[in-house]
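So in full-length UniProt numbering the end of the sequence shown lands on 341, straight run, no missing numbers.
Report on the following structure.
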Amino acid sequence: MVYQETVAAIKQLVRDGVVPGVNYAFIDQKDVTRGLFGAEQLIPGYEPLKPNQLYDVASLTKVVGTTNVILQLITEKRLALTDKVSDFLPEWQDQRVTIRHLLTHTSGITGYIPHRDKLSAAQLHDALLTMHVGENFEVKMVYSDVNFIFLGWIAEAILGQPIQTLIQKRVLDPLRMTHSTFQPEDPTRCVPTEVSPTRGLIRGVVHDPKAFVLKNHCGSAGLFSTLDDLIRFEQAMLFNTGQPIATHWLTELTRDQTPLGKQWRSLAWALLPTQLPVAHNCIWHSGYTGTFLVLDQTTQQGMVFLSNRVHPHAPNEAFLARRNAIINTYLAEKTVSSKTE
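Spelled out as structure tokens, the structure:
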């Protein structure tokens with residue numbers, strides 16, 4: 001499958017200066033098509049995009065790493081979707097919030113932490129646990145990193161190791177995602193992110209401020225990965241071969257798992273409706289730095305998109321609408337492809 005319109009939209013994204021460059025791949029059953037276009041760095045000097053560089057994938061850490069560790073613990077009966085957060089994090093006082101609420105971003109956890117990015121790891125840990133549940137509890141899906149920071153800490157409480165160590169041992173190593181890491185050794189192998197007024201050019205160090213402070217105790221961001229490793233991850237999920245979670249979860253991930261059952265959110269993943277061959281759901285997730293994954297288990301197709309949309313400057317809000325349009329173009333093209341097969 002060529003995906004001419006999707007590729008054209010990706011290249012136009014770069015030509016219009018919305019992102020410096022894009023590394024992308026399409027998976028069609030056993031066939032994989034890869035591509036790259038543009039630059040990896042604009043400031044302080046131009047660098048062309050190179051194959052298989054490491055990207056700070058930001059919130060893809062949630063679905064590649066933390067979610068799979070949590071689902072493994074549920075399969076091992078060390079945890080349940082109905083378990084209370086307070087059973088594992090006693091400093092958290094609200095006994096209504098469960099593992100399901102965290103995974104579906106329906107916990108309603110809210111609150112303001114003054115000078116958050118200037119706190120130490122211990123101070124930020126304590127401050128996050130003093131946040132409260134607001135009016136959105138169960139009735140509205142509100143995406144928030146704190147849900148997955150808590151999930152990481154819950155995994156740590158059960159297994160006694162930092163969440164990023166657990167992701168390495170339980171997901172990355174078994175899938176042979178050998179280039180993926182939380183601590184890149186060579187910054188030149190990493191695509192840079194923002195030119196920050198306080199941190200300078202961020203390259204080879206996590207962009208997310210909470211992950212930067214919490215380090216290996218952060219389950220919401222922090223992973224660096226390559227196109228090939230994320231292709232390997234998608235293939236494991238699509239083809240049920242060495243996947244990091246038990247087989248039955250693959251079906252569960254295509255269902256709305258929110259308490260009200262109508263908020264288009266699965267366990268960590270967001271849902272995308274399609275109509276082929278019958279109505280079913282793709283799953284997808286994005287990362288703040290300019291990354292996303294799409295998976296369609298029904299047709300065994302997927303897309304990997306890696307950019308550094310925060311380079312040289314964040315937040316680059318113009319990217320979001322263009323990203324969504326690219327995803328819609330991809331879904332339309334793959335649907336036409338599947339109809340003809």
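All C-beta atoms, glycine included, are put in the ideal place defined by N, C-alpha and C.
query                                                                                                                                                                     : result
With respect to the beta strand (DSSP E) encompassing Gln301, which residues constitute its N-terminal and C-terminal limits?                                             : Gln301 to Ser307
Just to confirm before moving on: does the CB-CB distance between Phe182 and Leu223 stay below 8 Å?                                                                       : yes
Return the CA-CA distance between Val139 and Thr106, expressed in angstroms with no decimal places.                                                                       : 7 Å
With a CB to CB cut of under 7 Å and the five nearest residues on each side skipped, what residues in its chain are close to Gln300?                                      : Gln29, Leu238 and Phe239
Checking 8 Å against the spacing of the C-beta atoms, do Gly219 and Ile283 come in under that value?                                                                      : no
Between the Cα of His285 and those of Val171, Asp126, Ala157 and Thr104, spot the shortest distance and give me the residue it belongs to.                                : Thr104
Identify the continuous alpha helix (DSSP H) that holds Trp249 and give its terminal residues.                                                                            : Thr247 to Glu252
Have a look at Leu42 and Ser225 and give me their C-alpha separation to the nearest angstrom.                                                                             : 21 Å
Are the beta-carbon atoms of Ile27 and Gly302 separated by less than 8 Å?                                                                                                 : yes
Would you tell me roughly how many angstroms separate the C-alpha atoms of residue 364 and Glu76, rounded to the nearest one?                                             : For the chain, the structure presents residues 1 to 341; residue 364 sits outside this window and is missing.
What beta strand (DSSP E) runs, 3 residues minimum, are completely inside the region 203-275?                                                                             : 270-274
With a threshold of 16 other CB atoms inside 10 Å of the CB of Glu194, please say whether the residue is buried or exposed.                                               : buried
In whole angstroms, what is the alpha-carbon distance linking Lys11 and Leu119?                                                                                           : 40 Å
When the Cα atoms are used, what is the spatial distance from Phe137 to Lys84?                                                                                            : 14 Å
Excluding the 5 residues preceding and the 5 following Asp94 in the sequence, name in chain order all residues of the same chain whose CB lies nearer than 6 Å to its CB. : Val133
Do the region 54-69 and the region 228-247 touch if we need at least three Cβ pairs shorter than 8 Å?                                                                     : yes
In whole angstroms, give me the CA-to-CA distance for Pro20 and Leu79.                                                                                                    : 42 Å
Assuming Leu81 and Arg100 form a contact by the criterion Cβ under 8 Å, report the distance between their Cβ atoms to the nearest whole angstrom.                         : 4 Å
If you follow the beta strand (DSSP E) that Asp28 is in, where does it begin and where does it stop?                                                                      : Gly21 to Asp28
Just the C-alpha distance for Gln168 and Arg199, rounded to the nearest angstrom, thanks.                                                                                 : 27 Å
Since Leu60 and Thr291 are thought to touch, with beta carbons under 8 Å apart, how far apart are those beta carbons, to the nearest angstrom?                            : 6 Å
Using DSSP's beta-bridge definition, name the partner residues of Gly287.                                                                                                 : Thr291
Residues in its own chain within less than 6 Å of Ile154 by CB, not counting five upstream and five downstream?                                                           : Phe88
When DSSP builds the beta bridges, which residues end up paired with Leu201?                                                                                              : Val195
Short of 6 Å in beta carbon distance, which residues of its chain neighbour Thr33, apart from the five on each side in sequence? Order them along the chain.              : Phe26
Provide the residue(s) that pair with Gly160 in DSSP beta bridges, ordered along the chain.                                                                               : Its beta-bridge partners do not exist; DSSP assigns none.
Is the CB-CB distance between Gly261 and Val57 below 8 Å?                                                                                                                 : no
Please name the residue in Ala211, Gln53 and Thr329 whose C-alpha comes closest to that of Asp228.                                                                        : Gln53
Val18 to Gly160, Cα distance in whole Å?                                                                                                                                  : 43 Å
Once DSSP output is grouped into helix, strand and coil, what is the label at Thr98?                                                                                      : strand
Figure out for me which residue from Tyr330, Leu320 and Pro209 has the closest Cα to the Cα of Val294.                                                                    : Tyr330
Assuming the contact rule is C-beta atoms closer than 8 Å, Met141 and Thr110 should be a hit. Round their C-beta distance to whole Å, please.                             : Not really, about 13 Å apart at Cβ, beyond 8 Å.
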